[in-house]
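Peer 1: Chains as they are written, first to last, in this note's numbering: chain F, 178 to 438; chain D, 3 to 320. All residues carry an ideal CB built from backbone N, CA and C; glycine is no exception.
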């Protein structure tokens, strides 16, 4: 059974069809990548699935429940989390606090207990701090915990966003260009991290421009062009698909074949 | 920030409040001190709203007005003890903040500023115009709190100004303690998260509308208690307490001192309460100097006095 199902999703911006009739599904633990040229509608699709935009057409079904147009904080309660292409870091907080903030749904309690710093409140904070430190270790930011988030490099902030999203203990994780701005070593680390998270049963929907990475870790690839799905299938089939090569891969196709070989 | 850790802040605050009187040449200074604490309390509430949650209000004097007039009216009409009247005022402020906050907190930035401004003006208009109840622009008397008499029976004999200095100082420390507790709590993190990025806060599950309302209601209670303290120590109150200028003053103190830090904002209250007294040496240029100081601080210390100073001191130490 699919964990997340997208059916005929579409949205218009001022008469312009940004995304039209896109559908696919994710099984538990599956890694599905959405690829396509710049402006193909990948981030818009992400924004509709994660409740940031209200889709004009179609449905988003999470674990059998219709969650179309549900606001992000309610989707979070149902186990859907995401990262952002243009970073959305809590800048005035430390790295550790960013990761702790990701535990909101697990640590929230009465405002009264928080105001008076009652034992229940302190216990919740302590539990999320411990979990946050483990997550930071996991994304390789353990040593940077006490630094101000704003002082990290772009690649490190990408990983911090992943740690924050994982804090939710999501069932579905949407990653919008997690490897952008990362060097080869960092990309490989993110690559391993994603594979490990998926192996734990979390479904991952990925937008990524690094084709080597996409081909390496995806179980399934959806190709968008001009807001419409032009192909989907296994990585090897996508790499050979003439429509995909024409629309997107073009010059990169040889690169991908070299990576395969 | 290591600098603004809870214990350090509270220690500094308590030490200053306790030691300052040693240097007071006259009872007038106790009076200025207690005014600073009353302002400091309102400003601490605004740190939660502005500094933590990143929301603005130009109408919080409205809540100070509700707190103040609750102390004047509730003892007469409801037979409440003045202390209970302050609690009643706080509860009323919280309720009104809840009802007003729901629709206006959907607005952002200057839209929110204007809507909250409207609320403040509304309250001060009601207080001025309901003359039969409130005495109108002439104001009305406020009953004695009576706590000083109780203290005297147990052997603590304080003058009126000394008592209000100590009592408002105590309430300020309590208010600061609560706000500092909140900062490092799950609620505080949710507030600071939505300040940093609303969209990211939503995706980690923060109900943004709910938490903005929490900050608004809490800050309204602070403003209300501050208004009550002012009314009780002056034993007289006019609608000016709810006026536009008072709202602006509160926000200016908060931002000038440093909205992100409780101690900074209280420093803002110290400066803007005492500066007009100090600047009287410039006579007719007093207001001019005050405006100049405010502009210079904001131009050269954008984050407010205390955070900027703390940063440059730390920078030199490293």
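(1) Within 10 Å of its beta-carbon, does residue 14 (chain D) have 16 or more other beta-carbons around it, so buried, or fewer, so exposed?
(2) Note down the Cα distance separating residue 178 (chain F) from residue 368 (chain F), rounded to an integer number of angstroms.
(3) Establish whether the CB of residue 89 (chain D) and some CB of chain F are separated by less than 7 Å.
(4) Do you know whose CA, among F:328, F:281, F:332, lies nearest residue 343 (chain F)'s CA?
(5) Rounding to the nearest angstrom, what Cα-Cα distance links residue 296 (chain F) and residue 217 (chain D) in this structure?
(6) Cα separation between residue 89 (chain D) and residue 241 (chain F)?
(7) Work out the CA separation of residue 265 (chain D) and residue 256 (chain D) for me, nearest whole Å.
(8) Could you tell me whether the Cβ of residue 279 (chain F) comes closer than 7 Å to any Cβ of chain D?
(9) Taking the alpha-carbon positions, what's the residue 192 (chain F) to residue 233 (chain F) distance?
(10) From the DSSP output, which residues share a beta bridge with residue 289 (chain D)?
(11) Would the segment 401-417 of chain F and the segment 209-220 of chain F be scored as touching if the rule is three or more Cβ pairs under 8 Å?
(12) Looking at the C-beta of residue 183 (chain D), does it have a partner C-beta in chain F at a distance below 7 Å?
(13) Which value, in whole angstroms, describes the spacing of the CA atoms of residue 299 (chain F) and residue 287 (chain F)?
(14) Alpha carbon to alpha carbon, how far is residue 366 (chain F) from residue 205 (chain D)?
(15) Between the segment 40-53 of chain D and the segment 108-122 of chain D, are three or more C-beta pairs nearer than 8 Å?
(16) Assign residue 161 (chain D) to buried or exposed, taking buried as 16 or more other Cβ atoms, counted over all protein chains shown, within 10 Å of its Cβ.
(17) Compare the beta carbon distance of residue 268 (chain F) and residue 326 (chain F) with 7 Å and say whether it is the shorter of the two.
(18) Alpha helix (DSSP H) containing residue 267 (chain F): first to last residue?
(19) Closest by CA to residue 232 (chain D), which one among D:104, D:173, D:292, D:288?
(20) Short check: CB of residue 276 (chain F) to CB of residue 320 (chain F), under 7 Å?
(21) Compile a chain-ordered list of the residues in the segment 291-306 of chain F whose CB is closer than 7 Å to at least one CB of chain D.
(22) What are the residues that DSSP puts in a beta bridge with residue 382 (chain F)?
(23) I'd like to know whether the C-beta of residue 259 (chain F) is nearer than 7 Å to at least one C-beta of chain D.
(24) Quick one: give me the first and last residue of the beta strand (DSSP E) that residue 398 (chain F) is part of.
(25) Say whether chain F places a C-beta atom closer than 7 Å to the C-beta of residue 301 (chain D).
(26) Suppose contacts are defined by Cβ-Cβ distances below 7 Å. Is residue 264 (chain F) in contact with residue 350 (chain F) by that definition?
(27) Would you call residue 437 (chain F) buried or exposed, if buried means 16 or more other Cβ atoms sit within 10 Å of its Cβ?
(28) Using three-state DSSP, classify residue 303 (chain D) as helix, strand or coil.
(29) Anything in chain F within Cβ reach of residue 209 (chain D), meaning under 7 Å, just list it in chain order.
(30) For chain D, find out if any of its Cβ atoms is closer than 7 Å to the Cβ of residue 267 (chain F); answer yes or no.
(31) Please list, in chain order, the residues of the segment 187-214 of chain D that have any C-beta partner in chain F closer than 8 Å.
(32) For residue 419 (chain F), does the count of other Cβ atoms within 10 angstroms reach 16, so buried, or fall short, so exposed?
(33) Suppose you measure from the CA of residue 256 (chain F) to the CA of residue 348 (chain F); what does that come to, to the nearest Å?
(34) If you run the structure through DSSP and keep just helix, strand and coil, what is residue 62 (chain D)?
(35) To which residues does DSSP link residue 239 (chain D) through a beta bridge?
(36) For the segment 211-243 of chain F, which residues have a CB atom closer than 9 Å to at least one CB atom of chain D, in sequence order?
Peer 2: According to the data block:
(1) Exposed, because fewer than 16 other Cβ atoms sit within 10 Å of the Cβ of residue 14 (chain D).
(2) Whole-angstrom Cα-Cα distance: 26 Å.
(3) Output row for residue 89 (chain D): interface = no.
(4) Taking only the C-alpha atoms, the option nearest residue 343 (chain F) is F:281.
(5) A direct Cα-Cα distance of roughly 22 Å separates residue 296 (chain F) from residue 217 (chain D).
(6) Each residue's CA atom was taken as its position, placing residue 89 (chain D) and residue 241 (chain F) some 49 Å apart.
(7) When only Cα atoms are considered, residue 256 (chain D) and residue 265 (chain D) end up about 10 Å apart.
(8) Chain D contact via Cβ: present.
(9) Rounded to whole angstroms, residue 192 (chain F) to residue 233 (chain F) spans 12 Å at the Cα level.
(10) Bridge partners of residue 289 (chain D): none, in fact.
(11) Result yes; three or more Cβ-Cβ pairs closer than 8 Å.
(12) Answer yes: the Cβ-Cβ gap between residue 183 (chain D) and chain F drops below 7 Å somewhere.
(13) In a straight line, the C-alpha of residue 299 (chain F) is about 12 Å away from that of residue 287 (chain F).
(14) Cα-Cα distance, rounded: 24 Å.
(15) Touching, no, given that fewer than three Cβ pairs across the two stretches are closer than 8 Å.
(16) It counts as exposed.
(17) Yes; because the gap between Cβ atoms is below 7 Å, this pair is in contact.
(18) No alpha helix (DSSP H) holds residue 267 (chain F); DSSP gives it neither H nor E.
(19) Put simply, of D:104, D:173, D:292, D:288 the residue whose alpha carbon is nearest the alpha carbon of residue 232 (chain D) is D:173.
(20) Not closer than 7 Å, so no.
(21) So the close ones are 291, 292, 293, 294, 298, 301, 302.
(22) Partner(s): F:209, F:351.
(23) Among the residues facing chain D, residue 259 (chain F) is included, as its CB has a counterpart in that chain under 7 Å away.
(24) For residue 398 (chain F), the uninterrupted beta strand (DSSP E) segment begins and ends at 397-402.
(25) Residue 301 (chain D) has a beta carbon lying at 7 Å or more from every beta carbon in chain F.
(26) For the 7 Å CB-CB criterion, residue 264 (chain F) and residue 350 (chain F) do not form a contact.
(27) Reliability of the predicted coordinates at residue 437 (chain F) is poor, the pLDDT of 49 falling under 50, and no value is obtained from them.
(28) Of the three classes helix, strand and coil, the one that applies to residue 303 (chain D) here is coil, per DSSP.
(29) What residue 209 (chain D) touches in chain F: 250.
(30) Taking Cβ atoms only, chain D reaches closer than 7 Å to residue 267 (chain F), which makes this a yes.
(31) Cβ contacts with chain F come from 187, 188, 189, 190, 191, 192, 194, 195, 197, 198, 199, 201, 202, 203, 204, 205, 206, 207, 208, 209, 210.
(32) Counting C-beta atoms within 10 angstroms of its own C-beta, residue 419 (chain F) has fewer than 16 neighbours from the protein chains shown and is therefore classed as exposed.
(33) Whole-angstrom Cα-Cα distance: 5 Å.
(34) It is coil, neither helix nor strand.
(35) DSSP links residue 239 (chain D) through a beta bridge to D:142.
(36) Against chain D - using a Cβ distance shorter than 9 Å - the residues of the segment 211-243 of chain F are 227, 228, 229.
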